[in-house]
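Data first, discussion second: the structure below is written as structure tokens.
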Amino acid sequence: MIDFGLPLLIGYTLLPFVFILLSNYLFGNTEFANYVYGLIALSFVSKLSEPKRNNFLKSIFNKDKYNKLRIIENVIYCLPFTLFLIYKKQFILSIILNLSVVIITLFNFSTNINVTIPTPFSKKPFEFTVGFRKTFYIFPIAYFLTYISVSVGNFNLGVFSMLLIGITCFSYYSKIENEYFVWNYNLSSKEFLLEKMKTCLVYFSLLILPIIITLAIYFFNEINILIVFLFCVMLISLQ
Amino acid sequence: MIKIERLSKFYGKNQVLNSIDLEFKKGKIYGIVGENGAGKTTLFRCISGLENYKGNISSDYTKLKDHLGLLLTEPFFFSKITGKEYIQLLANARQIELSNIEDKNIFDLPLNQYASTYSTGMKNKLALTAILLQENNVFILDEPFNGVDIQSNLIITEIIQRFKKLEKTVIISSHIFSTLANTCDEIYLMKNGEIIKKVEQVDFNKLEKEMKEFTVGNRIDKLELK
Numbered sequence: 010m011i012d013f014g015l016p017l018l019i020g021y022t023l024l025p026f027v028f029i030l031l032s033n034y035l036f037g038n039t040e041f042a043n044y045v046y047g048l049i050a051l052s053f054v055s056k057l058s059e060p061k062r063n064n065f066l067k068s069i070f071n072k073d074k075y076n077k078l079r080i081i082e083n084v085i086y087c088l089p090f091t092l093f094l095i096y097k098k099q100f101i102l103s104i105i106l107n108l109s110v111v112i113i114t115l116f117n118f119s120t121n122i123n124v125t126i127p128t129p130f131s132k133k134p135f136e137f138t139v140g141f142r143k144t145f146y147i148f149p150i151a152y153f154l155t156y157i158s159v160s161v162g163n164f165n166l167g168v169f170s171m172l173l174i175g176i177t178c179f180s181y182y183s184k185i186e187n188e189y190f191v192w193n194y195n196l197s198s199k200e201f202l203l204e205k206m207k208t209c210l211v212y213f214s215l216l217i218l219p220i221i222i223t224l225a226i227y228f229f230n231e232i233n234i235l236i237v238f239l240f241c242v243m244l245i246s247l248q
Numbered sequence: 103m104i105k106i107e108r109l110s111k112f113y114g115k116n117q118v119l120n121s122i123d124l125e126f127k128k129g130k131i132y133g134i135v136g137e138n139g140a141g142k143t144t145l146f147r148c149i150s151g152l153e154n155y156k157g158n159i160s161s162d163y164t165k166l167k168d169h170l171g172l173l174l175t176e177p178f179f180f181s182k183i184t185g186k187e188y189i190q191l192l193a194n195a196r197q198i199e200l201s202n203i204e205d206k207n208i209f210d211l212p213l214n215q216y217a218s219t220y221s222t223g224m225k226n227k228l229a230l231t232a233i234l235l236q237e238n239n240v241f242i243l244d245e246p247f248n249g250v251d252i253q254s255n256l257i258i259t260e261i262i263q264r265f266k267k268l269e270k271t272v273i274i275s276s277h278i279f280s281t282l283a284n285t286c287d288e289i290y291l292m293k294n295g296e297i298i299k300k301v302e303q304v305d306f307n308k309l310e311k312e313m314k315e316f317t318v319g320n321r322i323d324k325l326e327l328k
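As they're listed, the protein sequences go chains A and B.
Using this note's numbering, the first residue of the first sequence is number 10, and each one after it goes up by one.
Using this note's numbering, the first residue of the second sequence is number 103, and each one after it goes up by one.
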């Protein structure tokens, strides 16, 4: 909570209200809320199945105590979801959910996916390399939005898809660099920053190029807006 | 050559380095030993230019850091960067064109995996590979044998010995005395931010014995092990 700038006491007081609010919102807006809710609860509880932590627990407790402990902690972790399901009179689902979290204790699995996601930016690590891997799903969404914008003749939607990529790419630079990496460069501060901006501009241009070309072809009358957009991007990059 | 004169470093009111004078020559391997908190890492950070300090550090190079390969005790890795990309990043930083990185993978590391998932020893080996490929003339290796398996230990020792022939300057810190004895020309003993002893190769055995007596003493007896 402190990480978010919120005092612990207020954070923990607010947490149940936020949970109830979000749960209510889900049940009020989705037909399949039961299933979605169950899946959210399971994914939440599955965090406790990390092999590293459980191997540690196994090394401390005997088998019986370990099994008891895992069942109790999974049921406690799931308790807010169970209580809300009971409140919503979803008794069968709450029983199934609790049975599932008990069964989960039999398995240890990692929830962190460490599959190396291919990136076209590996020649010049690291902002775009790391950023692309963290947000790779944004790009198909943005290109799909461009396709829709052309299909329905909505130019603004196309501009939004460009903005989406722009915001995503600029977020890659929000992280403070590790001093060791900066230290390693044998460039002056000015050269170092220019190099970074150049990389940013080139890679960003590559990512929005398909959108620009598509929009320029299908919305030729609006090409001046596209030029202004590109000009703004260049200005932001140079700042 | 690197010349350190009256080097002092304070963290607030806490003095961690106290008027250190040292000289590191080309083609020589130097060892720095001392207890945890003796000031070894701070000394390395000052030489590298990562810390401000009082005193003077001069070298044959206009900018020492551009010729310096620094291996930190716990190398930092971003979460989604592969071993290969890490090597590429450090090579790019020094404008070194690298080709066939896989062929230079002497420690057989899984270069296409994220470096952050490596074990401590693998991280050390990756960081070492990266600085070796930077074509540096001076190397500061802070605990290079940390968590490293015996095979890689032999490779690292051999690399350090080759550096000597290549007229490079190497400064190593290690808690494993035998690795230093096998590689170093001189060993400096640090305590409370000061260099308290300089030992030449012929006296390494004597130093090890002294250190053992001084460090271990009768401490273990206090445990009354049964």
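C-beta: ideal position from N, C-alpha, C; glycine also.
Consider the Cβ of residue i: report whether some Cβ of chain A lies at a distance smaller than 8 Å.
{"i": "Ala217(B)", "result": "no"}
{"i": "Thr184(B)", "result": "yes"}
{"i": "Ser181(B)", "result": "yes"}
{"i": "Lys142(B)", "result": "no"}
{"i": "Gly213(B)", "result": "A small correction: the amino acid at residue 213(B) is Leu; Gly does not occupy that position in the sequence shown. With 8 Å as the cut-off, Leu213(B) does not count as an interface residue toward chain A."}
{"i": "Leu152(B)", "result": "yes"}
{"i": "Leu191(B)", "result": "yes"}
{"i": "Phe178(B)", "result": "yes"}
{"i": "Ile310(B)", "result": "One point to set straight first is that residue 310(B) is Glu, not Ile, in the sequence displayed. Cβ-Cβ to chain A under 8 Å: no for Glu310(B)."}
{"i": "Glu187(B)", "result": "yes"}
One question on the structure: do residue i and residue j come within less than 8 Å of each other, judged by their Cβ atoms?
{"i": "Leu291(B)", "j": "Leu243(B)", "result": "no"}
{"i": "Ile234(A)", "j": "Ile174(A)", "result": "no"}
{"i": "Phe178(B)", "j": "Phe135(A)", "result": "no"}
{"i": "Phe209(B)", "j": "Lys227(B)", "result": "yes"}
{"i": "Leu119(B)", "j": "Gly139(B)", "result": "no"}
{"i": "Phe247(B)", "j": "Thr281(B)", "result": "yes"}
{"i": "Thr271(B)", "j": "Ile104(B)", "result": "yes"}
{"i": "Thr223(A)", "j": "Val161(A)", "result": "no"}
{"i": "Gly47(A)", "j": "Leu106(A)", "result": "yes"}
{"i": "Ser276(B)", "j": "Glu245(B)", "result": "yes"}
{"i": "Ile220(A)", "j": "Gly167(A)", "result": "yes"}
{"i": "Tyr181(A)", "j": "Phe148(A)", "result": "no"}
{"i": "Leu102(A)", "j": "Asn43(A)", "result": "yes"}
{"i": "Asn207(B)", "j": "Thr231(B)", "result": "yes"}
{"i": "Ala151(A)", "j": "Ser131(A)", "result": "no"}
{"i": "Leu152(B)", "j": "Val240(B)", "result": "no"}
{"i": "Asp287(B)", "j": "Gln263(B)", "result": "no"}
Answer yes or no: does any C-beta atom of chain B fall closer than 8 Å to that of residue i?
{"i": "Phe135(A)", "result": "yes"}
{"i": "Arg142(A)", "result": "yes"}
{"i": "Asn33(A)", "result": "no"}
{"i": "Ser131(A)", "result": "yes"}
{"i": "Tyr189(A)", "result": "yes"}
{"i": "Asn117(A)", "result": "no"}
{"i": "Val139(A)", "result": "yes"}
{"i": "Tyr252(A)", "result": "This structure leaves residue 252(A) out entirely; chain A is present only between 10 and 248."}
{"i": "Asn107(A)", "result": "no"}
{"i": "Thr177(A)", "result": "no"}
{"i": "Thr254(A)", "result": "Residue 254(A) falls outside the range modelled here, since chain A spans only 10 to 248, and no answer is possible."}
{"i": "Asn76(A)", "result": "no"}
{"i": "Asn123(A)", "result": "yes"}
Looking at the strands, I want to know which residues DSSP matches up with residue i.
{"i": "Asp136(B)", "result": "In the sequence under discussion, the amino acid at residue 136(B) is Gly, which differs from the Asp named in the question. DSSP, once it has assigned bridges, lists Met292(B) as partnering Gly136(B)."}
{"i": "Phe126(B)", "result": "Ile104(B)"}
{"i": "Tyr216(B)", "result": "Thr184(B)"}
{"i": "Phe241(B)", "result": "Gly171(B) and Val272(B)"}
{"i": "Glu302(B)", "result": "Glu288(B)"}
{"i": "Phe112(B)", "result": "Gln117(B)"}
{"i": "Ile131(B)", "result": "Val272(B)"}
{"i": "Asn158(B)", "result": "Glu107(B)"}
{"i": "Ile297(B)", "result": "Met292(B)"}
task: Return the residues of the stretch 37 to 63 of chain A that lie within a Cβ-Cβ distance of less than 9 Å from chain B, sorted by chain order.
output: none
message: With three or more C-beta pairs closer than 8 Å as the rule, is the stretch 153 to 161 of chain B touching the stretch 310 to 318 of chain B?
response: no
task: Return the residues of the stretch 193 to 206 of chain B that lie within a Cβ-Cβ distance of less than 8 Å from chain A, sorted by chain order.
output: Asn194, Ala195, Arg196 and Gln197
task: Answer yes if the stretch 87 to 105 of chain A comes into contact with the stretch 65 to 72 of chain A, meaning at least three C-beta pairs across the two stretches below 8 Å, and no otherwise.
output: no
query: Per the contact definition of three or more C-beta pairs closer than 8 Å, is the stretch 233 to 242 of chain B in contact with the stretch 190 to 204 of chain B?
result: yes
message: For the structure I just gave you, are there three or more beta carbon pairs, one from the stretch 53 to 64 of chain A and one from the stretch 78 to 90 of chain A, closer than 8 Å?
response: yes
- prompt: Would you call the stretch 108 to 116 of chain B and the stretch 192 to 205 of chain A in contact, with 3 or more CB pairs under 8 Å?
  reply: no
message: Beta carbons nearer than 8 Å to chain A: which residues of the stretch 148 to 173 of chain B have them?
response: Ser150, Gly151, Leu152, Lys165, Lys167, Asp168 and Leu172
task: Using a Cβ-Cβ cut-off of less than 9 Å, list which residues of the stretch 257 to 271 of chain B approach chain A; keep chain order.
output: none
query: Is it a yes or a no for the stretch 126 to 140 of chain B touching the stretch 252 to 267 of chain B, going by three-plus beta-carbon pairs under 8 Å?
result: yes
query: Residues in the stretch 151 to 175 of chain A with C-beta within 8 Å of chain B's C-beta atoms, listed in sequence order?
result: none
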